[in-house]
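J.: In the working numbering, the protein residues as written are 188 to 585. In this text, a Cβ means the ideal position worked out from N, Cα and C, and glycines have one as well. Take this structure, written in C-alpha cells, and hold onto it; I'll ask about it next.
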Ligand SMILES: *[C@@H]1O[C@H](CO)[C@@H](O)[C@H](O)[C@H]1NC(C)=O
C-alpha cells in the first residue's frame, strides 16, 4: 500500500510557506483594492460645531494656537457665499462632502467656490489660522509661538491652495470650525469613514445672549439668515426670532440624537460644551476639550487662555466680529441688562425646548431678569453623559 511519508521539517517548511503567501497576498490586496480605505494614520479630525455668535471664534483660537493643530474657520462659508440664493437644506450634503476633503487636506474641493487665481487670502478668515502664519506656509510665526493675525495678513499672503495643503499635511490634528451644520445625521458617513478619526465638539450658548449678540451684528448675518430660513419671506421684525427658533431646534435635535438615541459609532466622538461653563472655568473646560481630542496642554497655552478670558472689554457693537480680550464671565451675563424683557420673553418662548435640555433657566419677569444674583445656569452632569474615548484608544496625554 502507498504510504504518504512527510517528515516533520518538510511539514514546518510548508506551513511557513503558506503563512508567507497569506501575508504577501493580503499586502497586495490592501494596496490594490480601492475598497480598502487608507487608515487615518493617527491623525485626528475635529469639528467645532456651533452657531453664529456663540463664542466659537474664541474656541477656534484655543485650537488654532495649539502647535499641533491645523485650523480653518468656516469652510462652508465659501459654499454659502457662492450659492446665496440656495438654502441651508439644499447645501447640506455638499458642505458635508467638502468637509471630508478638507479634513484629508484635499483643498481641490474648495476650488469651484473660489475666485480665479485664488491665493491663500481668499480663504475665509485665513489669518486667524496660526498654521497659515507658520512654516511651511509662512516663515513669520515659528510653531509653538502665538500668532498675530494682523501681522500675518500683511506678511503671509504668499502661497495658494497647494501650499495650504502641504501645511495641512504636517499637523497631527485638523480642526475645522463651522456654524452651518444643523444635525448630526448628515455627518454619519464621516463618523463611519475609517480614513477619518472624527471628534465633534458641540458648542452651545444661552439663546438670550445669542440674540443680544445677533442684534449687534445683524447686517453681517443677513445672507446666512435668509438661507437658514429657506429664503422664506418674513416681516423684518420676525426674522431674528424665526432664525433663533431654527437654531434652537437644531441644537435640540443634535442634543437628543447624541444623548437619547446615539448610534454606536458616536461613542467617544461627541462632546457638548456650554459657552457659559467655558466662561466661568476656562482652564478646566479647555483642558477637558484638549483631552477629548488627544492634545496636550502646556503652561504657555494656559497663560494665554487666562489672559484672553480675563480682559477688560465688555464686547460692544464696534467689535462684534473681533476676538478680543474681555471678561468672559461678564460677557455671558450682559444680555440681562441690555435686552428688553419683551425680547427676552419672545426668545424664551421660541427656544423653550432647547433651553430646558441645555440647562438654561427662564426668567418670568423683568425683575427676575435684572436680579443678577439669580443664577440661571443649571448644572449639567458633564461626563456621565458625555462620552470620553476609551483610555486605551487615546494617545497619551502626559
Ligand atoms: C498685533 O500686531 C499689531 C501690529 O504690529 C499690533 O498693533 C497689535 O497690538 C498686535 N496684537 C497683539 C494681540 O499682540
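Spell out the partners DSSP gives residue 386 in its beta bridges.
T.: Its beta-bridge partners are 233.
J.: Residues in its own chain within less than 7 Å of residue 567 by CB, not counting five upstream and five downstream?
T.: Once the five neighbours on either side are set aside, the close Cβ partners of residue 567 are 546.
J.: In whole angstroms, what is the alpha-carbon distance linking residue 508 and residue 262?
T.: Note that residue 508 scores 48 on pLDDT, short of 50, meaning its location in the model is unreliable; the coordinates nonetheless yield the value given after this. Taking the straight line joining both Cα atoms gives about 17 Å.
J.: Which residues have a Cβ closer than 6 Å to any heavy atom of ligand 1, listed in chain order?
T.: That gives 335, 337 and 338.
J.: If you measure between the beta carbons of residue 250 and residue 495, is that distance less than 9 Å?
T.: Going by C-beta atoms, residue 250 is not nearer than 9 Å to residue 495.
J.: In this structure, what does DSSP give as the bridge partners for residue 459?
T.: Partner(s): 389.
J.: DSSP beta-bridge partners for residue 294?
T.: Its beta-bridge partners do not exist; DSSP assigns none.
J.: Residues in the same chain with beta-carbon distance under 7 Å from residue 294, minus the five sequence neighbours each way, listed in chain order, please.
T.: So the list reads 348, 351 and 352, once near-sequence residues are dropped.
J.: Would the stretch 544-560 and the stretch 447-458 be scored as touching if the rule is three or more Cβ pairs under 8 Å?
T.: Result no; under three Cβ-Cβ pairs closer than 8 Å.
J.: Would residue 328 be called buried (16 or more neighbouring beta carbons within 10 Å of its own) or exposed?
T.: It counts as buried.
J.: In this structure, what does DSSP give as the bridge partners for residue 360?
T.: Looking at the DSSP assignment, residue 360 forms a beta bridge with 231 and 256.
J.: Exposed or buried, residue 497, counting other C-beta atoms within 10 Å across all chains shown (16 or more means buried)?
T.: Residue 497 comes out exposed.
J.: Return the chain-ordered list of same chain residues with a C-beta closer than 6 Å to the C-beta of residue 207, the five sequence neighbours on each side being excluded.
T.: There are no such residues.
J.: Roughly how many whole angstroms lie between the Cα atoms of residue 475 and residue 374?
T.: Cα to Cα, residue 475 sits roughly 23 Å from residue 374.
J.: Quick check on residue 559: does DSSP put it in helix, strand or coil?
T.: The answer is coil: DSSP assigns residue 559 none of H, G, I, E or B.
J.: Run the CB neighbour count on residue 493, radius 10 Å, all protein chains shown included, and call it buried at 16 or more, exposed below.
T.: Its Cβ having fewer than 16 others within 10 Å, residue 493 is exposed.
J.: Using a Cβ-Cβ distance under 9 Å, would residue 354 count as near chain C?
T.: The structure shown contains no chain C; it is built from a single protein chain.
J.: Using only CA atoms, which one of 259, 372, 364 and 235 lies nearest to residue 451?
T.: Of 259, 372, 364 and 235, the residue nearest in Cα terms is 372.
J.: Would you call the stretch 391-405 in contact with the stretch 425-441, where contact means no fewer than 3 C-beta pairs closer than 8 Å?
T.: Segments in contact, yes.
J.: Return the chain-ordered list of same chain residues with a C-beta closer than 8 Å to the C-beta of residue 472, the five sequence neighbours on each side being excluded.
T.: If we look at residue 472 and ignore the five residues flanking it on each side, its Cβ neighbours are 460, 464 and 465.
J.: Three Cβ pairs or more, each shorter than 8 Å: is that satisfied between the stretch 529-549 and the stretch 380-394?
T.: Judged by Cβ distances under 8 Å, the stretch 529-549 makes contact with the stretch 380-394, as three or more pairs qualify.
J.: Compare the beta carbon distance of residue 561 and residue 550 with 9 Å and say whether it is the shorter of the two.
T.: It is a contact, given that the beta carbons lie within the stated cut-off.
J.: Locate the alpha helix (DSSP H) running through residue 250, then write down its first and last residues.
T.: Unbroken alpha helix (DSSP H) run through residue 250: 243-251.
J.: Are the Cβ atoms of residue 257 and residue 318 separated by less than 9 Å?
T.: Yes, these two residues count as a Cβ contact at 9 Å.
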